[in-house]
Amino acid sequence: MSKSNFTRRGLLKTSAVGGAGLAVPTIFTASSASAFTNEPTGDTVTLGFNVPQSGPYADEGADELRAYELAVEHLNGTGADNGMLETFSSKALKGNGILGKKVEYVTGDTQTKSDAARASAKSMIEKDGAVMITGGSSSGVAVAVQALCQEAGVIFMAGLTHSNDTTGKDKKANGFRHFFNSYMSGAALAPVLEKMYGSDRKAYHLTADYNWGYTTEEAIVSSTEAMGWETVNTVKTPLTQTDFSSYIAPVLQSGADVLVLNHYGGNMVNSLTNAVQFGLRDKQVNGKNFEIVVPLYSRLMAKGAGANVKGIFGSTNWHWSLQDDASKAFVKSFGTKYGFPPSQAAHTCYVQALLYADAVERAGTFNPCGVVEALEGFEFDGMGNGPTLYRAEDHQCFKDVLVVKGKENPTSEFDLLEIVEVTPVAQVTYPPDHPQFAGGSLGSCNPGA
Amino acid sequence: MDAIILQILNGLDKGSAYALIALGLTLIFGTLGVVNFAHGALFMIGAFCAVTLSRILTLSHTVIDETKTDFLGNPLKVDVPYIYDIFGQATGDVIIDWAVPLSILFAIPVMVGVGVIMERGLIKHFYKRPHADQILVTFGLAIVLQEVIKYFYGANPIPTPAPSAFTGSFDFGAMLGFDPNTIIYPYWRLVYFAFAAIIIGAVFAFLQFTTFGMVVRAGMADRETVGLLGINIDKRFTIMFGLAAAVAGLAGVMYTPINSPNYHMGMDFLVLSFVVVVVGGMGSLPGAVLAGFLLGILESIASMTQVLDVLPGLNQIIIYLVAIIILLTRPRGLMGRKGVMEE
Amino acid sequence: MFGLNKKDFTLLLIVAGLTMFAPFLLNPFPEGSAMAQFNAGYPDLMQRFVIFGIFAIGFNILFGLTGYLSFGHAAFLGVGSYAAIWMMKLLTMNVIPAMIMAVIVAGVFALLVGFISLRRSGIYFSILTLAFAQMSYALAYSVLTPITGGETGLQPKMADPRILDAALTEGATPRANLFGLSMTSSYELEVGNWLFTFNAGYYIAAVVMLLAFYLSIRIFRSPFGMMLRAVKSNQQRMNYTGLNSRPYTLAAFVISGMYAGLAGGLMVAMDTQVGPERMFWTASGEVVLMTILGGAGTLIGPVLGAGLIKYMENIISKINSGILHEWFAFLPDGLEDLIVTLIYPFIGKGWHLTLGIVFMLVVIFLPGGLVQGGQKIAAWVRGGKAGSRDKASKSTKPAE
Chain A
3 MSKSNFTRRG LLKTSAVGGA GLAVPTIFTA SSASAFTNEP TGDTVTLGFN VPQSGPYADE
63 GADELRAYEL AVEHLNGTGA DNGMLETFSS KALKGNGILG KKVEYVTGDT QTKSDAARAS
123 AKSMIEKDGA VMITGGSSSG VAVAVQALCQ EAGVIFMAGL THSNDTTGKD KKANGFRHFF
183 NSYMSGAALA PVLEKMYGSD RKAYHLTADY NWGYTTEEAI VSSTEAMGWE TVNTVKTPLT
243 QTDFSSYIAP VLQSGADVLV LNHYGGNMVN SLTNAVQFGL RDKQVNGKNF EIVVPLYSRL
303 MAKGAGANVK GIFGSTNWHW SLQDDASKAF VKSFGTKYGF PPSQAAHTCY VQALLYADAV
363 ERAGTFNPCG VVEALEGFEF DGMGNGPTLY RAEDHQCFKD VLVVKGKENP TSEFDLLEIV
423 EVTPVAQVTY PPDHPQFAGG SLGSCNPGA
Chain B
16 MDAIILQILN GLDKGSAYAL IALGLTLIFG TLGVVNFAHG ALFMIGAFCA VTLSRILTLS
76 HTVIDETKTD FLGNPLKVDV PYIYDIFGQA TGDVIIDWAV PLSILFAIPV MVGVGVIMER
136 GLIKHFYKRP HADQILVTFG LAIVLQEVIK YFYGANPIPT PAPSAFTGSF DFGAMLGFDP
196 NTIIYPYWRL VYFAFAAIII GAVFAFLQFT TFGMVVRAGM ADRETVGLLG INIDKRFTIM
256 FGLAAAVAGL AGVMYTPINS PNYHMGMDFL VLSFVVVVVG GMGSLPGAVL AGFLLGILES
316 IASMTQVLDV LPGLNQIIIY LVAIIILLTR PRGLMGRKGV MEE
Chain C
19 MFGLNKKDFT LLLIVAGLTM FAPFLLNPFP EGSAMAQFNA GYPDLMQRFV IFGIFAIGFN
79 ILFGLTGYLS FGHAAFLGVG SYAAIWMMKL LTMNVIPAMI MAVIVAGVFA LLVGFISLRR
139 SGIYFSILTL AFAQMSYALA YSVLTPITGG ETGLQPKMAD PRILDAALTE GATPRANLFG
199 LSMTSSYELE VGNWLFTFNA GYYIAAVVML LAFYLSIRIF RSPFGMMLRA VKSNQQRMNY
259 TGLNSRPYTL AAFVISGMYA GLAGGLMVAM DTQVGPERMF WTASGEVVLM TILGGAGTLI
319 GPVLGAGLIK YMENIISKIN SGILHEWFAF LPDGLEDLIV TLIYPFIGKG WHLTLGIVFM
379 LVVIFLPGGL VQGGQKIAAW VRGGKAGSRD KASKSTKPAE
């Protein structure tokens, strides 16, 4: 029943076209020329980089795009160096494109809206013949585009998306996430918080009132309560809120001595700035110093909060100050090209592009089902996060998680966070049927066509 | 009890921001009759005046520090602001620290200039055009202004802290006899409240007690007649536009330590400021101020957990809910004049 | 014909022709050529053109005729979308029940909002509609998450009941269809270097739009439409003559809400996903801009406005610096870099800037919107001949 659901424009675009003026009407069926959506038949392959270029996450999107451009250079072997290809444990990639085809790319603007992101991804698939879509800076967009890619029969390599749902209730066989998630943040942060602040604490949560906020709050509450903290209150704040004073003012009255800000992006910058402005960090409650925790840190966003991040704990997927060979290689090639160190968003996007290319190379085909097979259960190293597993059951990467702290004496505008602890992967691993990830199923891979 | 006092206090501060933005908008929208969708952009430009001034103050030349290395292992380049060279490091630091208050002086001429250019160059031609055209042109202008700022400053919020003298908070609770730490309030927000009160008072006094203000008020009521009396009302309206832009800009400057400014902050405030103006009633300056404080306080109270436990999600919709109730019970908002923007 | 006068019928025919041949018209450039970037003839964008066309046509029935400026129309589109996706989750993936339900639910919601908001006029009305839409958005994003899916929205899932459909085979994805014809299925035609895509979903949406357009012409030309225009020109006088205008404006509001719901339903039919930001005030603002940009109160204007905005959003935003360099590669290096640097701020991530400039230029130079632009061109073409005759007569004058 499903006829050609998405086009094979990539085929036409890249192959030499003959027979001018010759009409060749063809109705596509599953048995037609191409075995899967947008099968590249020429000497190039097109990837779609779908990142936010307008709206609040535009700078993060710009950094993602820089990383993708770098990845394409490395894949094609045209860069100044080979970045992480040197350190990547799989040696399938040769620097001659993917399966010998030169990598080309198209870009689009997600606007951090799911409708716009899907429109942009669809145009990449239908018009430009993209065989893989990647990027994005929010979970809403990731879930929406992932579902689209499943339907269209192309691979989706998620960019920055932290909600449990992306590889939980909304997981899809054609979608893969390298970034860590809310659960991992909780599991990594809790022991460090216990060590720093003790196990007898009262926490007050301010939570962004949407899916990502819910999963993060749930993860942090359950992991901190497990070590003995008490949750005094959890308050939902509207996404569109800019001034958080009315939420922060009552915190001290509640008797809490820790404030957890389950906010990201602009919300995080504003709520943290407001909290520091209220002088919460200078207060003594229950005989202890009042503390603030930001579960998901991003250096780009930390920059927006300025000096307010000093001494505040959070977790992050990767940081440029890591000293392993892979991170150093990536920072060097990114920094040489652009003049500043990459963000965690850039890192995860770069790695995702390489992982996809490597999977295709190992599978010997661009067919999504082959790629899925190659990525499922794939174990690798040399990508900046230590030994990593792409788990087959939910397409989530399992790797070390960084617990970071806002640096007291930054030496430059990029030097905002310092790594407190690298939480080993074993500590953040959970079973695939964990209740925080319940519901939803991967389904099976869809090659489209 | 103390929880409610706290939220009222909080709402006064929030309200002062709303009132200040709405005041500027109502000067243009409620009185000149122009639906100005670029008003949020004016607020945003004001905020970026503060950013720009602090950038100017920290204009630097680089000195290479051989003892340290940067992230690539090269010798670290340290930026030394020129202001250190002029005033020495100690004084220089103080000046940089006080960048936001200093920006007020910087922002007033800039904003008046922006307002006057906008009115003379664009808005003037739209007084007689339908509101729909005004919306399209000012919205287009807002996007352009926003994108220009984004081009130069990026999309991320830019931290613009208050002078260090104003960090921390004032303990009202202790003063009023409650337990310490129950009612605290940041110093900068108190400054903002006082600042808003001064600006609002000044605008009212200007319109009420000066001849210029009298003519403008007459012009609002009946532009044609005032024109027939041989008074150049156009020129005065231009000045009014400049004044409105300055009010919006100053609101923006002082707001920067509260929320780090970014290029789309104007759009975030745009809808809200229209709601405030309309709830206050078209053409009424006191109405706009009153509505600003009212909505600020109600918003604060709606965010109390005691309220949210009973009505979850109320904090999401409170502003709009109040707007609907007020507009249904009072046809022209709180203090609106008959016949303004009703057709 | 169809109860239309000759002029309107011609217009309908032109629109029908344009929509039916859109796959050709929107793909004027051969594949692989540098200009192919400007091709818009791929299914998703063509679908968006007609869907937003419907949305704007409906909006124009309210705004263009009565002058009531609703600033919350996206709420009806969103509510329609949610209704449609729930039909797909519970009943069947066939798009017909989804679209019908979308129209009904949006109509009921519009009746409610309209009944309250129309008690006020002018800016007060606009703010009331805005308030309802913003409340819908905020609640859908947060506390209504169990019904709306919140931030991540709703999509058809394997596990949905879908009582009318046969069970899906393991691993199949539920697809929107019309009695088995999948919305995504396409027929492709290669002519030389050109590739034209005829997409089932697009043609279904286009037929719906033609019906919607036809209906809107009939409304414009009916006594009801006349009454609405009377509301716009002078409501007070109308009331003094003893006519109660409320039922008319309310009917117009509900009809235009149903158009929005239809657009929302079609959106889900073409792309089975709903998210709450569809109801955000910027989305409401967008349809206002589309209508004014095209020409409020004209029949075809809103459709043109919708097309222009969606074209910019989807085509300009995808041009990146790499493509620019490709275009200007024939120039000497220095000049190439200069031109790319000059154009770069306006394309790709700068597409908003271009959009803002276009808004301003249109409203400054074409007060009647794009339609007026079209008329001017038409007049110039016709008048060009007339003008040349004028000139000829002038030039003969001195001879007298």
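Respectively, the protein sequence lines represent chains A, B and C. Residues 3 to 451, numbered by the numbering used here, are exactly what the first sequence covers, in order. Residues 16 to 358, numbered by the numbering used here, are exactly what the second sequence covers, in order. Residues 19 to 418, numbered by the numbering used here, are exactly what the third sequence covers, in order. For each residue, glycine too, the CB sits at the ideal point set by N, CA and C.
- [ ] Please check if any C-beta of chain C sits within less than 8 Å of the C-beta of A32(A).
- [x] Any answer about A32(A) is weak, because its pLDDT of 35 lies below 50 and its placement is not dependable; what the coordinates show is given next. No - not a single Cβ of chain C is within 8 Å of the one on A32(A).
TODO: Express the C-alpha separation of I421(A) and D324(B) in angstroms, rounding to a whole number.
DONE: 38 Å
- [ ] Compare the C-beta of K139(B) with all C-beta atoms of chain A and state if any pair is closer than 8 Å.
- [x] no
Open item on the list: Strictly by DSSP, which residues pair up with E293(A)?
Closed with: V260(A)
- [ ] Measure the Cβ-Cβ separation of G50(A) and M159(A) and say whether it is below 8 Å.
- [x] no
Task: Supposed close pair R193(C), T202(C) - CB separation, criterion 8 Å - done: 7 Å
Open item on the list: Quick check on the burial criterion: 16 or more other C-beta atoms within 10 angstroms. Buried or exposed for L303(A)?
Closed with: Note that residue 303(A) is Met in the sequence shown, not Leu. Answer is buried; the Cβ neighbour count reaches 16.
- [ ] Please state whether DSSP places D26(C) in a helix, a strand or coil.
- [x] helix
Open item on the list: Using a Cβ-Cβ cutoff of less than 8 Å, which residues in the same chain neighbour K107(C) once the five nearest sequence positions on both sides are dropped?
Closed with: L172, P174, K175, D178, P179 and R180
Open item on the list: Short of 7 Å Cβ to Cβ, which residues in the stretch 73-85 of chain A face chain B?
Closed with: none
- [ ] Name the residue from P350(C), M105(C) and G90(C) whose alpha carbon lies nearest to the alpha carbon of I122(C).
- [x] M105(C)
- [ ] Could you tell me whether the Cβ atoms of N276(A) and G215(A) are closer together than 8 Å?
- [x] no
Task: With 16 other Cβ atoms within 10 Å as the buried cut-off, status of G257(B) - done: buried
Open item on the list: Our contact map puts R62(A) next to A347(A) with C-beta atoms below 8 Å; I'd like the distance itself, whole angstroms only.
Closed with: Contrary to the premise, residue 62(A) reads as Glu rather than Arg in this sequence. Rounded, the Cβ-Cβ distance is 5 Å, consistent with contact.
Task: Of the listed residues F416(A), D202(A), V105(A) and C151(A), nearest to G290(A) (C-alpha basis) - done: Rather than Gly, the amino acid found at residue 290(A) in this sequence is Lys. Ranking F416(A), D202(A), V105(A) and C151(A) by Cα distance to K290(A) puts D202(A) first.
Task: Assigned exposure category for K353(B) - 16 Cβ within 10 Å defines buried - done: exposed
Open item on the list: Can you check which of these residues, G384(A), R393(A), V405(A) and D383(A), is closest to E375(A) by C-alpha distance?
Closed with: R393(A)
TODO: Let me know the beta strand (DSSP E) ranges lying completely inside the stretch 43-85 of chain C, each 3 residues or longer, listed in chain order.
DONE: none
TODO: Please classify W369(C): does DSSP put it in a helix, a strand, or coil?
DONE: helix
Task: Through-space distance from I316(B) to I23(B), alpha-carbon basis - done: 7 Å
Task: Of the residues F42(C), A397(C), G340(C) and Y221(C), the one placed nearest G59(C), counting alpha carbons only - done: F42(C)
Open item on the list: Going by C-alpha to C-alpha distance, which of A306(B), I213(B) and R135(B) sits closest to I340(B)?
Closed with: A306(B)
- [ ] Put I222(A) into one of helix, strand or coil per three-state DSSP.
- [x] helix
Open item on the list: Using C-beta distances below 6 Å, list every residue in its chain close to T414(C), excluding the 5 sequence neighbours before and after it, in chain order.
Closed with: With a pLDDT of 36 at T414(C), under the threshold of 50, the modelled position of this residue cannot be trusted, and the question is left open.
- [ ] Measure the Cβ-Cβ separation of T425(A) and A190(A) and say whether it is below 8 Å.
- [x] yes
Open item on the list: Comparing C-alpha positions only, which one of A301(C), A116(C), F81(C) and D289(C) sits nearest to E457(A)?
Closed with: A query on residue 457(A) cannot be resolved here, the shown segment of chain A reaching from 3 to 451 and no further.
Task: Supposed close pair A94(A), D383(A) - CB separation, criterion 8 Å - done: Not confirmed; about 14 Å, so no contact.
Open item on the list: Would you say S56(A) lies against chain C (beta-carbon separation less than 8 Å)?
Closed with: yes
Open item on the list: Residues of chain C with CB closer than 9 Å to the CB of R144(B), please, in chain order.
Closed with: V381 and P385
Task: Residues sharing a beta bridge with Q398(A), DSSP - done: R179(A)
TODO: Measure from the C-beta of T109(A) to each C-beta in chain C and report whether the shortest distance is under 8 Å.
DONE: yes
- [ ] Could you say if the stretch 173-185 of chain A and the stretch 67-77 of chain A meet the contact criterion of at least three C-beta pairs nearer than 8 Å?
- [x] no
- [ ] Using the Cα positions of T80(A) and N387(A), report the straight-line distance between them to the nearest angstrom.
- [x] 25 Å
- [ ] Pull up the DSSP beta-bridge partners for N195(C), would you.
- [x] N112(C) and S200(C)
Task: Rounded distance between the beta-carbons of I145(C) and V290(B), thought under 8 Å - done: 6 Å
Task: Span of the beta strand (DSSP E) around V81(B) - done: What sits at residue 81(B) in the sequence shown is Glu, not Val. Here the beta strand (DSSP E) through E81(B) covers S75 to T84.
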